Amino acid sequence: MIKVAPSVLSADFGNLANEVKSICDFGCDFVHVDVMDGHFVPNLTIGPLVVDAINKASTKPLDIHLMVENNTFFVDLFKNLNPEFISFHIEEEKHPHRLIQYIRSLGIRPAITLNPHTHPSSIEYILEDVDMVLVMSVNPGFGGQKFIESSIKKIKEIKELCQKRNPKCLIEIDGGVNDKNIKELKEAGVDIVVAGSYVFGSENREKAIKSLQI
Ligand code: DX5
Ligand code: ZN
Numbered sequence: 010m011i012k013v014a015p016s017v018l019s020a021d022f023g024n025l026a027n028e029v030k031s032i033c034d035f036g037c038d039f040v041h042v043d044v045m046d047g048h049f050v051p052n053l054t055i056g057p058l059v060v061d062a063i064n065k066a067s068t069k070p071l072d073i074h075l076m077v078e079n080n081t082f083f084v085d086l087f088k089n090l091n092p093e094f095i096s097f098h099i100e101e102e103k104h105p106h107r108l109i110q111y112i113r114s115l116g117i118r119p120a121i122t123l124n125p126h127t128h129p130s131s132i133e134y135i136l137e138d139v140d141m142v143l144v145m146s147v148n149p150g151f152g153g154q155k156f157i158e159s160s161i162k163k164i165k166e167i168k169e170l171c172q173k174r175n176p177k178c179l180i181e182i183d184g185g186v187n188d189k190n191i192k193e194l195k196e197a198g199v200d201i202v203v204a205g206s207y208v209f210g211s212e213n214r215e216k217a218i219k220s221l222q223i
């Protein structure tokens, strides 16, 4: 069954603790936390104080998605929160292999993220070292964007690479996910979906989460 990681980027930040508690009570599998630095992406989100507050409110493991220039600095900011995953962008890291080893040495599961333009071959030689590949199906920076269709083909290609190099590697998709494209995503090989505006924008969030757990 697909696991769901609602992105708190679409939550009501004036009521953040309750928003996080509610999606956990409604049965989400992870809480997806988007950290943006205003440099790698044209948006700025949250730092350690707020992520710590999210972690305290959450009964589910955190899935931290870094969209930043200085990855190691940010890993060090969040390492004491014991997240399940920390993912960083391949486009923004000179030494991805070294950073993956570092994240794993902290007892955190390393994940690598690809922007929409990035070819799956760019991660082929580090696939054995990660626990998850995060495929961006929108340009990183904002919630509520339209799903980029070519992401389906990319997931299939990554799935094939994983079968050759690391069959246990999970595939996560982030951006524009909803009940309309979930079936196609499952067929393509996705294990975890991130959903922000779809879950938080739904009148019935429990139903929205369940509609993705297919
Ligand atoms: C975008 C973020 C996403 C975003 C997803 O940079 O990484 O996690 O919040 O939002 P939706 O599901 O609304 O596309
Ligand atoms: Zn994200």
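Per my numbering, residue 10 is the first one in the sequence shown, and the count goes up by one each step.
All residues carry an ideal CB built from backbone N, CA and C; glycine is no exception.
Source: prediction; values computed, not measured.
Per DSSP, residue 15 is not a residue of any alpha helix (DSSP H); the beta strand (DSSP E) it occupies stretches across 12–15. Excluding its 5 nearest sequence neighbours in each direction, residue 51 has C-beta neighbours in its own chain below 7 Å: 150, listed in chain order. If you measure from each CB to the nearest heavy atom of ligand 2, the residues under 5 Å come out as 43, 74 and 183.
Less than 9 Å divides the Cβ of residue 203 from the Cβ of residue 15. Going by beta carbons, residue 44 and residue 76 fall inside the 9 Å limit. Residue range 191–197 is occupied by the alpha helix (DSSP H) that includes residue 197.
With 16 or more other Cβ atoms inside 10 Å of its own Cβ, residue 140 counts as buried. In this structure, the beta-carbon distance from residue 37 to residue 66 does not fall below 9 Å. Excluding its 5 nearest sequence neighbours in each direction, residue 153 has C-beta neighbours in its own chain below 6 Å: 206, listed in chain order. The criterion of a C-beta distance shorter than 9 Å is satisfied by residue 195 and residue 223. 9 Å or more divides the Cβ of residue 179 from the Cβ of residue 164.
Within the segment 47–130, complete beta strand (DSSP E) segments of at least 3 residues are found at 71–76, 94–98 and 118–123, given in chain order. In this structure, the C-beta of residue 149 approaches ligand 1 to less than 8 Å from one of its heavy atoms.
Residue 186 carries a coil assignment under DSSP once its states are collapsed to helix, strand and coil.
Residue state for residue 32 is assigned as helix, using DSSP reduced to three classes. Looking at the DSSP output, residue 20 shares a beta bridge with no other residue. A residue is called buried once 16 or more other Cβ atoms fall within 10 Å of its Cβ, and residue 185 is buried on that count. Across the structure, residue 49 and residue 130 are spaced so that their CA atoms are roughly 22 Å apart. Inter-residue distance for residue 26 and residue 138 is about 34 Å (C-alpha atoms, whole angstroms).
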